[in-house]
Amino acid sequence: MKDHYINHLNVLHNEINIQIAKKFEGKLDNELTTKQVLLLELIKAGVASTKDLADKLNVSTSAVSQLLNKLEDKGYIERFINPKNRREIVLNLADRANQYFNDLAFLKDEINRELYGKLSLEELKQLTKILEKLQVIANENS
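Residue numbers for the sequence shown follow the numbering used here, beginning at 15 and rising by one.
(1) Could you pull out every unbroken beta strand (DSSP E) segment of at least 3 residues lying fully inside the segment 39-103, listed in chain order?
(2) For L105, which of helix, strand or coil comes out of DSSP?
(3) Counting Cβ pairs, one atom from each stretch, are 3 or more of them under 8 Å apart for the segment 15-22 and the segment 96-113?
(4) For the segment 66-74 against the segment 83-97, are there 3 or more C-beta pairs whose distance is under 8 Å?
(5) Excluding sequence positions up to five away, which residues of its chain have a Cβ less than 7 Å from the Cβ of L67?
(6) Under DSSP, the alpha helix (DSSP H) around N155 begins and ends at which residues?
(7) What is the rounded straight-line gap between the Cα of H22 and the Cα of K84?
(8) Quick check: the Cα distance between I32 and I125, rounded to an integer number of angstroms?
(9) Below 8 Å on the Cβ atoms is my contact criterion, and I expect L42 with L118 to pass it. Report the Cβ-Cβ distance as a whole number of Å.
(10) So what's L133 in DSSP terms, helix, strand or just coil?
Here it is in structure tokens:
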């Protein structure tokens, strides 16, 4: 009986994610691949070296270098030589990447309000409590 509910939750979760993805379609810059977006998010979070980026993405440093080259060519990042250590390259998000993240935040907020705004306050509280519990369980298992 419990397995039925677990499977049904998985199906529902996937269907919701598909619907959310459809709402994002065509509203953001479509020229970025998933790995490029992940790379931008890591750079935004302060991961600065090619090796660290490769480790986080579980790819080779040469693959990261290729991704960085494409992002730089498209105007999403800027690379500078660190004046204190000339062997080190400093990565910064360019204005285009910052605009992408601003647009993304606005769109996420809009979609979340549309989705969660139809729930009552009590339902929102219940959902929050359940998701917080799942987060604790997921963190214990990682």
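Backbone N, C-alpha and C fix where the C-beta goes; we use that ideal spot for every residue, glycine too.
In short:
(1) 91-96, all fully within the segment 39-103.
(2) Three-state DSSP puts L105 in a strand.
(3) For the pair of segments examined, the segment 15-22 was found not to touch the segment 96-113: the number of CB pairs separated by less than 8 Å stays below three.
(4) Judged by Cβ distances under 8 Å, the segment 66-74 makes no contact with the segment 83-97, as fewer than three pairs qualify.
(5) Within the same chain, L67 has close Cβ partners L53, L56, V61 and V78.
(6) From DSSP, N155 is part of no alpha helix (DSSP H); its letter is neither H nor E.
(7) In this model, H22 and K84 are separated by some 41 Å (Cα to Cα).
(8) Rounded to whole angstroms, I32 to I125 spans 13 Å at the Cα level.
(9) Taking C-beta atoms under 8 Å as the contact rule, L42 and L118 qualify, at a distance of about 6 Å.
(10) In this structure, L133 counts as coil in the three-state DSSP scheme.
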